[in-house]
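In what follows, a structure is listed as structure tokens, so that the remarks can point back to it.
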Amino acid sequence: MHKRIFLIIFSFLLLQQMVFAAEFKVGGKEVREGDFLTLFYDELEAGKIEFTITEEGLKKAEITFDKGRQWQVMEQENGSFSYKYRPPSDEKISPQFLLTFQDNSMRTLQPDFRINYQRYKPDNAVIKLLEKMKLYYEQENASRFISLFSHQFPDWVKFRESIQNDFYNYKNIRLRYRVDRRDFDEDYTGAVWDVYWERRYDSRTGTNFSDNSLISMRMDKEGDAWLISGFSNNLIFGSSLLSSPDLKISSQDIGLAGFDVTAVIHNKSNVPAGNFRVKFTSAESFTQTGYEDVTTLGPNSQISVTHTFAVEPDAPTVTVVVDSSNAISEINENNNQASRTFPP
Amino acid sequence: MRTKRIKLLLVLSLILLPSFSLAEVSSTQSISGIYYHVEGNKDRSFYPANEADNLYEGTFDFKNIPLKGHEAFGNIEYRSTDDKLIDPQGFSIERMYMGARDQVQEILIGDFYQSFSEYSLSNALKGLKLSFGNEKSSRLILLGGIDTSRWENLWEERHEDSASRRHIWGARLENNYLNKKLALNFNYAGARDDKAFINSSNSPILVNILSVESRYDINSFVTAYSELSQSFTDEDIRDGAVKTRPDHAVKLGTDLNINDYTLSSVYSRIGNHFTTTSGFSAQDLETLNFYGLWFLPWNIKFTHYLYSDRDNLSDTKATTTRQLNPGGKFNLNLPLDVGLEFSADMRKRFSTDKETNGKTYTYSSRLTRDFGAFFSEFGYTKEIISDRIYSANERSSDIISFALDGYFTLKDVNFSWNLSEDIDHTSHKEVCEADFSTTTNAGLKLTFPSTFTIEARLSFSNNDYYLNDTDSENNNYFLGISRQLVGDSLAFSVFYERKGYSYYGGDNNYADNIFQAKLSYTF
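So this is what it looks like as structure tokens:
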């Protein structure tokens, strides 16, 4: 009975040896067929990854990292052959070996393991990216800010335009962020982070505004750099074009019937607007002014607002100012006022 | 009997010990004290006026633990603080997962990020993932979970700042045929918003998506790929009436890769009601993009692109906006190891209702040289913006940047330093006025053989806008020291940072002072 158990265990151990005839170590760690190993610069000795191969009857071993264009001779020590490789940049390394045996027979070997080398630990690299976002946005440096975004970013051209628009409309921008979630994919080349952004800024007319948004940010590693490839729930970056309302009125939108002045107000944006004040002024022999409040106006829609003057205007010039208290930060603040003169 | 047990234990040890020797367990625990002090107009600052807070952070990580023929792995990260700027909750679990895998299967429970494809599922989840098979031949992935920021959202009522809690489920089947020349993947994904986490002005959705991805290596130079996706979306599950809107997204692309030239071409069309589980995709948009890279003689690299798109495919908006963005960039090496880069880019936006008609021309040049002891960079960018509708938007900018970045060693002490200057002059055509701003940055870091490190940074910016009442001056000073105390295990760091903001009139001036001391232990 015991012999059988020992035989089974011995066979198992022998089988392991047969399957993995050559033994590999990467950075001092044993690796097996199919392994996927991620290494960071901090974990290396002098920035080099040490590859070691051990196999019975081996006389010489060479290694290549560029599919055989250049072969490096491995150093022999204590029956093993090793080579210290300094990756020039972040890369996925799949080494191949050229083995020469004592009987002068030769064999190439491409073990089925992959090394994912990254200079910076992904957490630190993404934090650096967020810091750059904050810095370039506060400095209103559009070209550097946009360089942090991948060309895969949805609606890329419009987003570039919207950032340019932000920097034209906003001054003295300050940002603060807080990371609420950090998740990476298996090989640390993709990530989704939830980042709470808070922004304070002045409009070109000097009015103070503040807003915030918990943005889900998708980031991908392209070459050496982490770049932003998607936003979800972004109400901050590019908001002057993407997520700010645009209230508009023109002279044709103003009507007069007896005491009543009617104004049709348009929201020309993709976001709703609300809680703004509309100012009505009638100037004739004397001026009378009145206000009406609008609580909500949907995206790409219009609303008719009527104000009744105390005295019936007679051949007046009626002026309507939308968002007269400047409560809403808009894409375009220059289309909020219109006047119309009615015949007597 | 005892001898037998010892023998058996010895043999089992022979099998298991090598595996256990691969096991890795690591942990970092750190404790910090933070002090905030705001001078001047305190209402303008993000920080508390005068407050001391504490912060405790810890991680445990284990991998390569043998478990019934599988490798077990896991991680937990947690944080405890009374600093509301860092974490609005007193204690929170930042990340937590554990799982087991072998060559052909994997189970993972906890936090993970999974991306099936652009038009199906790409979410960070708290849930369960099962994977069977090998990605080189065929593989099946099944997953389900909740897409939400914090673990606390799973057992607490809706928390302030929590954007959403979305239930996600999905399956992906990956197949490789024709000696891996053809890849064919099938995706199914679904998502349902938790109504309690959606405020009254937004609508919770339910979506189911089917997508087919393919990639085919036509020959050694050309690869074609595609994704066809159909979504079925109920855009408001709150009102109870089922009103599913089907819509589709299509992506067709080719990659050309010959010796000296690469060209990526991709066409995509995304419907107005097309939805993914993640919300990262655009909607109601058609794009046609080309991106090429030509390696010319004398080590010259020519990058060129054309991005174009139009919205309102559904014809549901009052206007349709089209955008065109061609551009190119040359990279070349001049004598004396000087690198030169110059580029031109044009962006044009115009709409059918004639409300939008603007162009932006950007011309950039950049010179770089590595002098060995330091790296230098000089850049000049000219940007001209024309707008046929709103003349107030018309302006031209000249942006000059200069940077030096050096490193040297003196008596075993490593010095790294940097210096940069950015100058931005923007002329506004309509008012014949100009904005002028300058930013100066400088930094120095000394690393001693004992691992003692001193770092200092300073930054000044001066913004003179043509509207004088928005003028500002900002400054930022940073001083930090750090040292490893016991080997690589125990370390401390201390830093002080001051950020000052001065505005026209002086009433809004303020300055943030932040002091932080941190002690961390790693094993």
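Order-wise, the sequence lines are chains E and R. FYI, my numbering numbers position 320 of the first sequence as 322, with every residue one higher than the one before it. FYI, my numbering numbers position 483 of the second sequence as 842, with every residue one higher than the one before it. Don't be surprised by glycine CBs; every beta carbon is placed ideally from N, CA and C. From a predicted model like this one, the values you see are computed outputs, not experimental measurements.
Simplified DSSP assignment, three categories, for residue i
{"i": "W657(R)", "result": "coil"}
{"i": "A285(E)", "result": "strand"}
{"i": "P407(R)", "result": "coil"}
{"i": "Y478(R)", "result": "coil"}
{"i": "N544(R)", "result": "strand"}
{"i": "R116(E)", "result": "strand"}
{"i": "D871(R)", "result": "strand"}
{"i": "P563(R)", "result": "coil"}
{"i": "L513(R)", "result": "helix"}
{"i": "L537(R)", "result": "coil"}
{"i": "L826(R)", "result": "coil"}
{"i": "K443(R)", "result": "coil"}
{"i": "V790(R)", "result": "coil"}
{"i": "Q473(R)", "result": "strand"}
{"i": "D157(E)", "result": "coil"}
{"i": "V280(E)", "result": "strand"}
{"i": "K61(E)", "result": "strand"}
{"i": "K707(R)", "result": "strand"}
For residue i, the residue or residues it bridges with in DSSP
{"i": "D44(E)", "result": "Answer is none; D44(E) lacks a bridge partner."}
{"i": "I424(R)", "result": "A431(R)"}
{"i": "Q390(R)", "result": "For the record, residue 390(R) in the displayed sequence is Ile; it is not Gln. Partner(s): Y415(R) and L878(R)."}
{"i": "I305(E)", "result": "I267(E)"}
{"i": "G839(R)", "result": "E814(R) and F854(R)"}
{"i": "P605(R)", "result": "F591(R)"}
{"i": "G192(E)", "result": "D222(E)"}
{"i": "L569(R)", "result": "Y547(R) and Q589(R)"}
{"i": "V313(E)", "result": "V313(E) pairs with nothing; no bridge assigned."}
{"i": "P685(R)", "result": "L665(R)"}
{"i": "F807(R)", "result": "Note: F807(R) sits in no beta bridge, so no partner."}
{"i": "N800(R)", "result": "S779(R) and S818(R)"}
{"i": "N833(R)", "result": "S820(R) and Y860(R)"}
{"i": "R460(R)", "result": "E430(R) and E465(R)"}
{"i": "W528(R)", "result": "G503(R) and G549(R)"}
{"i": "Y620(R)", "result": "I617(R) and W653(R)"}
Test: residue i CB closer than 8 Å to a CB of chain E
{"i": "L615(R)", "result": "no"}
{"i": "N658(R)", "result": "no"}
{"i": "T740(R)", "result": "yes"}
{"i": "L444(R)", "result": "yes"}
{"i": "T440(R)", "result": "no"}
{"i": "L644(R)", "result": "yes"}
{"i": "E788(R)", "result": "The amino acid occupying residue 788(R) in the given sequence is Lys; Glu does not appear at that position. It does not; no Cβ of chain E falls within 8 Å."}
{"i": "Y862(R)", "result": "yes"}
{"i": "Y437(R)", "result": "no"}
{"i": "Q682(R)", "result": "yes"}
{"i": "Y749(R)", "result": "yes"}
{"i": "T727(R)", "result": "no"}
Close beta carbons around residue i, own chain, < 8 Å, minus the five adjacent residues each side
{"i": "S523(R)", "result": "D506, T507, D552, D553, F556 and I557"}
{"i": "F405(R)", "result": "L444 and D871"}
Proximal residues to residue i (C-beta, below 7 Å), its chain only, five neighbours per side dropped
{"i": "L371(R)", "result": "At L371(R) the pLDDT is 39, less than 50, meaning the model places this residue with poor confidence; the figure from the coordinates comes in the next sentence. Closer than 7 Å at the Cβ level, and outside the excluded window around L371(R), lies no residue."}
{"i": "E416(R)", "result": "S389 and R438"}
Chain R within 8 Å of residue i, Cβ atoms only
{"i": "R116(E)", "result": "no"}
{"i": "H309(E)", "result": "no"}
{"i": "E77(E)", "result": "no"}
{"i": "R342(E)", "result": "no"}
{"i": "R71(E)", "result": "no"}
{"i": "S306(E)", "result": "no"}
{"i": "P156(E)", "result": "yes"}
{"i": "N328(E)", "result": "no"}
{"i": "A193(E)", "result": "yes"}
{"i": "Y170(E)", "result": "yes"}
Contacts around residue i, its chain only, beta-carbon distance under 6 Å, and the 5 residues preceding and following it disregarded
{"i": "Y626(R)", "result": "L611 and L647"}
{"i": "F700(R)", "result": "Looking at the sequence shown, residue 700(R) is not Phe but Glu. Only N690 and R725 meet the Cβ criterion."}
{"i": "E814(R)", "result": "K804 and G839"}
{"i": "E832(R)", "result": "N821 and S861"}
{"i": "T881(R)", "result": "T387 and S848"}
{"i": "T291(E)", "result": "T283"}
task: Starting from the N-terminal side, write out each stretch of the beta strand (DSSP E) that is 3 residues or longer and does not extend beyond the region 749 to 786 of chain R.
output: 754 to 769
message: For a minimum of 3 consecutive residues, which ranges assigned as the beta strand (DSSP E) are wholly contained in the region 64 to 132 of chain E?
response: 77 to 79, 82 to 87, 93 to 95, 98 to 103, 108 to 111 and 116 to 120
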